[in-house]
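**Student:** Sharing a structure below in structure tokens format, with a few things to ask.
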Amino acid sequence: MEAIDLIEILTKTNGVSGDESAVSEAIAELCVPFSELPIEIDDFHNVICTIRPPREGEPHLLLEAHLDEIGFMVTSISDEGLLHVVPCGGIDRRLQAATSVLVWGRPKTPIPGVVGYLPPELDGPNRTIPKADEMVIDIGFSKEKAKTLVTCGDRATPDITPLQLRNSRVTGKALDNRSGCAAVLLAGEMLAACRDRLKCGVTLLFGSMEEVGSSGTRTAAYKIAPTHAIVVDVSFSATHDMSMQKYPGKIGGGPMIGYSPVLSKDLSRYLETLARKNGIPCQTEVMGGRTGTDADAIAVTRGGVKTGLLSIPQRYMHTPVEIIDTQDIRQTALLMLFYGYDLGGGAI
Amino acid sequence: MTLMEQIQALSDAVGTPGDEIEVRRKIMSLLPDDCTRRTDTLGNLLVEKKGAQAPAKPIMISAHMDEPSLMVENVDMTGGVKFSVSGEIDVQTLPGRRVWVLSKGERIPGVIGIKPIHVLKGSEIEIPISADDLFIDLGCERKEEASKLTNPGDSVAFIGETGPFGDRLVRGRALDSRSGCAVLLALLEQELPFDITAVFTVQRETGSTGMKTAAFQVQPGAAVVLESCPVADHPVLGAKKESPKLGEGPIISLREQRSFYDKELFFQCKELAEGEEIPIQIKSAAFGTGDGAAVQTSGNGTRVLELGIPSRYALTPCCIQSLKDLESLSALLLPLVGMLGEKLS
């Protein structure tokens, strides 16, 4: 599997928090060739893929990436046929006006829409950024027809497919965190290839509802009961309008190894050493408090899990023009491969 | 080709102000054989079609070819591409867009991004965006790489797909110009009662430069200008001015921001539409601009009729128009040519 192909497949579908079944199925299908046990999609749309069940007394490594994405949820249909929506997760209200979206009432045939917008000529002099509850989606149908196509609770996402830019960089929607899913899938594939030599259990988890509080991952991690975990998410790569000092992450510079009170410092240091030893470019990301990722939930599962965090540097997070570098996905997967290979035989 | 296919073909072409060649070529390929055609110095396409009779003075019908776009200014230290705005663009709709930088015959994809909401401070999210803070990101590592790809003056167009939408609507990019071109092309395919000069103009977005010079060459007795007209017909959006509606017919304008149109033509066209039972709407508010004002004051002056195509989210790459309105506009143009021909004789 190539990272770019995975991004194509994984961003084609809807996976807005709480409505992830389409992306769950896509991921489960990709796991089939290397899963040792039947793949499980649970009631929360979490996908659990066992690469190697732990033997008695062995450590059990969980590799996790959340599979949900931010988006809109339809709350009602107005008399004019407009869809009133609320954000699912941290939508950027500044850049929704007059953008193309798909409303995923029926997964196979989503309805195209446009986020409603008032042009300056018809607005007052003091233009403001719309409030979260002021946003609507226009699907161009009357209320009667709209009711046959859309139901309250349907989700909407940007209507775009990935586009390759320079230097193995890709722009698209939901790269937060399908990039992480791609890295975990690649690591799973490589670990499965050397399954017989592993000295630890390895389970992949693609967790749901991270963008709305990690509820999917929390329950799945409880069920899996790992001893160690590496979480993959995206994090900030500085852009022209951000402080390089505060956000030193660089796109294309390799995974950002996280340091945070909730993460295992030993594990993070070990990952750094491992990266250096194997010539994998890496960076560090220091978070004084919580990480704002599924790592926060996984670390406190049951009696506690030694947890590390690898972040794929990303520009313009939570916008329809997120950018990642597919090389960073590859490097992140490699680092997880080396860690999985060492665990049970020397790794911390 | 159906009207929808024609609009799709025209809006897939890129035509930025001063760089309309792709659109002009597309239009030329779609023109019927019995038209004479000429491209002038600035790039306007002037097409003449014979009708049953010759009017005393030319009847000019126009649509513009250019779309609001951006232009590359320079490249900054990080490889970001700084741009200026060409045409009527709402800067608030720029962040989050995909663009093509048109350089040396290639379309180089890029995006306009802004820093994520996670790193904003306090009420920073409520502050409207300024174009000065925006850059195009081509994915370049550094300045040298971006400088090799693009040069100051390169045009930048918005990426978007055009296609059927909702209930007999069309959604897409550059519709504000291309649907007018499509309607004008459809007129040229018909048997006409009088000769007409169809003009596809350049640089409408940047001050009707093309129309000023085209009108000088044609010296029309009467001019009909096809334009898109912004509508905000959903009360829930809270428009501060009364807006025409999508799907209720083409809009006859009494005025725009810079000018009042010819009252006599306005009423005659209104009567004609009523007689033909073609739905029309009236716009009396002073919003929108167009090529109309430029024809009006050209040479000794020309009577101008502006026909607007109702456009939701006009001037964005997600403009919505109604096929019903476009069909009504098409249906109105043929008898209008007859009426203007009689009037000028």
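Protein chains in written order, with this note's numbering: chain X, 1 to 348; chain G, 1 to 345. Glycine included, every Cβ here is placed at the ideal spot set by N, Cα and C.
(1) Does G:M211 come out as helix, strand or coil in the three-state DSSP assignment?
(2) What separation, rounded to the nearest whole angstrom, lies between the Cα atoms of G:L138 and G:I278?
(3) Put X:A229 into one of helix, strand or coil per three-state DSSP.
(4) Strictly under 8 Å for the Cβ-Cβ distance: is X:N177 near chain G by that measure?
(5) G:S103 and G:A215 look like a contact to me (Cβ under 8 Å); what is the Cβ gap, rounded to whole Å?
(6) Roughly how many angstroms lie between the CA atoms of G:S328 and G:G249, to the nearest whole one?
(7) By a C-beta neighbour count over all protein chains shown, 10 Å radius and 16 as the cutoff for buried, is X:Q245 buried or exposed?
(8) Just verifying my parser: in three-state terms, what is the DSSP assignment at X:Y222?
(9) State the DSSP-derived secondary structure class of X:D115, mapped to helix, strand or coil.
(10) Spatial neighbours of G:S322 within its chain, please: CB distance less than 6 Å, with the 5 preceding and 5 following residues excluded, ordered by chain position.
(11) Output the distance between the C-alpha atoms of X:Y247 and X:G116, rounded to the nearest integer angstrom.
(12) Starting from X:I77, follow its DSSP beta bridges and name the residues at the other end.
(13) Find the nearest neighbour of X:K173 within the set X:L343, X:P120 and X:L102, judged by alpha-carbon distance.
(14) Identify the continuous alpha helix (DSSP H) that holds G:D145 and give its terminal residues.
(15) Going by the CB atoms, is the gap between G:V183 and G:S330 shorter than 8 Å?
(16) Chain X partners of G:V133, CB-CB under 9 Å?
(17) Confirm, please, whether the CB-CB distance from G:M211 to G:D262 is below 8 Å.
(18) Counting only Cβ pairs nearer than 9 Å, list the residues of chain G close to X:K145.
(19) At what residues does the alpha helix (DSSP H) containing X:G180 begin and finish?
(20) For G:R98, write down the residues that DSSP places opposite it in a beta bridge.
(21) Among the candidates X:Q164, X:V231, X:T319 and X:S243, whose CA atom is the shortest distance from the CA of X:S260?
(22) By DSSP, does G:E205 sit in helix, in strand, or in coil?
(23) Closest by CA to G:R349, which one among G:M77, G:Q217, G:P317 and G:R178?
(24) Checking contacts by CB at 8 Å: is G:P244 closer than that to chain X?
(25) So what does G:K49 bridge to, in DSSP terms?
(26) Which residue's Cα is closest to the Cα of X:R276: X:D92, X:T332 and X:A182?
(27) Considering only the beta carbon of each residue, do X:G353 and X:L267 sit closer than 8 Å?
(28) Using a beta-carbon distance below 8 Å, is X:I324 in contact with chain G?
**Tutor:** In terms of the structure at hand:
(1) Along the second sequence, one-based indexing puts residue 211 of chain G at 211. Look at G:M211 here: in three-state DSSP terms it is helix.
(2) Locating residue 138 of chain G in the second sequence gives position 138, counting from the first residue. Locating residue 278 of chain G in the second sequence gives position 278, counting from the first residue. The alpha-carbon separation between G:L138 and G:I278 amounts to approximately 48 Å.
(3) Numbered from 1 along the first sequence, position 229 holds the residue referred to as residue 229 of chain X. Residue state, collapsed to three classes: strand.
(4) Taking the first sequence and counting its residues from 1, the one referred to as residue 177 of chain X is at position 177. Chain G, which has no Cβ nearer than 8 Å to the Cβ of X:N177, makes this no.
(5) Residue numbering aside, residue 103 of chain G sits at position 103 when the second sequence is read from its first letter. Residue numbering aside, residue 215 of chain G sits at position 215 when the second sequence is read from its first letter. Your pair G:S103 and G:A215 does not check out as a contact, with CB atoms roughly 33 Å apart and the cut at 8 Å.
(6) Along the second sequence, read from residue 1 onward, the residue named residue 328 of chain G stands at position 328. Along the second sequence, read from residue 1 onward, the residue named residue 249 of chain G stands at position 249. G:S328 and G:G249: Cα-Cα distance of roughly 6 Å.
(7) In the first sequence, the residue the question calls residue 245 of chain X occupies position 245. Exposed, by the Cβ-count rule.
(8) Position 222 of the first sequence holds residue 222 of chain X. Reduced to three states, the DSSP call for X:Y222 is helix.
(9) Locating residue 115 of chain X in the first sequence gives position 115, counting from the first residue. Correcting the residue identity first, residue 115 of chain X is Val in this sequence and not Asp. Strand, per DSSP.
(10) For the purposes of this step, residue 322 of chain G is identified with residue 322 of the second sequence, where counting begins at 1. Closer than 6 Å at Cβ, skipping near neighbours: L169, L246 and G247.
(11) Position 247 of the first sequence, counted from the first residue, corresponds to residue 247 of chain X. Position 116 of the first sequence, counted from the first residue, corresponds to residue 116 of chain X. Cα-Cα distance, rounded: 34 Å.
(12) Here residue 77 of chain X corresponds to residue number 77 of the first sequence, with the count starting at 1. According to the DSSP secondary-structure assignment, X:I77 is paired through a beta bridge with X:L83.
(13) Counting from 1 along the first sequence, the entry for residue 173 of chain X is found at position 173. That would be X:L102, whose Cα lies nearest to the Cα of X:K173.
(14) If you number the second sequence from 1, residue 145 of chain G lands on position 145. Looking at the sequence itself, residue 145 of chain G is Glu, so the reference to Asp does not match. Per DSSP, G:E145 belongs to the alpha helix (DSSP H) from K143 to L149.
(15) Position 330 of the second sequence, counted from the first residue, corresponds to residue 330 of chain G. Position 183 of the second sequence, counted from the first residue, corresponds to residue 183 of chain G. With contacts defined as CB atoms closer than 8 Å, G:S330 and G:V183 qualify as a contacting pair.
(16) For the purposes of this step, residue 133 of chain G is taken as the residue at position 133 of the second sequence. Before going on, a small fix: residue 133 of chain G reads as Asp here, not Val. H240 and D241, listed in chain order.
(17) Your numbering for residue 262 of chain G matches position 262 in the second sequence. Your numbering for residue 211 of chain G matches position 211 in the second sequence. Taking C-beta atoms as the reference points, G:D262 and G:M211 fail to come closer than 8 Å.
(18) Taking the first residue of the first sequence as 1, we reach residue 145 of chain X at position 145. Within chain G, the residues near X:K145 are G166 and D167.
(19) For the purposes of this step, residue 180 of chain X is identified with residue 180 of the first sequence, where counting begins at 1. Its alpha helix (DSSP H) spans residues L175 to A193.
(20) Sequence index remark: in the second sequence, residue 98 of chain G carries index 98 (1-based). G:V111.
(21) Within the first sequence, the letter at position 260 stands for residue 260 of chain X. Comparing alpha-carbon positions, the option among X:Q164, X:V231, X:T319 and X:S243 lying closest to X:S260 turns out to be X:V231.
(22) What you label residue 205 of chain G is simply residue 205 of the second sequence in a count that begins at 1. Shown here, G:E205 sits in coil according to DSSP, grouped into three states, outside any helix or strand.
(23) Missing from the structure shown is residue 349 of chain G; chain G here goes from 1 to 345 and no further.
(24) On the second sequence, position 244 is the one that residue 244 of chain G refers to. Taking Cβ atoms only, chain X never reaches closer than 8 Å to G:P244, which makes this a no.
(25) In the second sequence, counting from the first residue as 1, residue 49 of chain G sits at position 49. BP columns for G:K49 point to G:C35 and G:I196.
(26) Position 276 of the first sequence holds residue 276 of chain X. Of all alpha-carbon atoms in X:D92, X:T332 and X:A182, the one lying nearest the alpha-carbon of X:R276 is that of X:T332.
(27) Not covered by the structure: residue 353 of chain X. The range shown for chain X is 1 to 348.
(28) As a position in the first sequence, residue 324 of chain X is number 324, starting the count at 1. X:I324 does not count as touching chain G.
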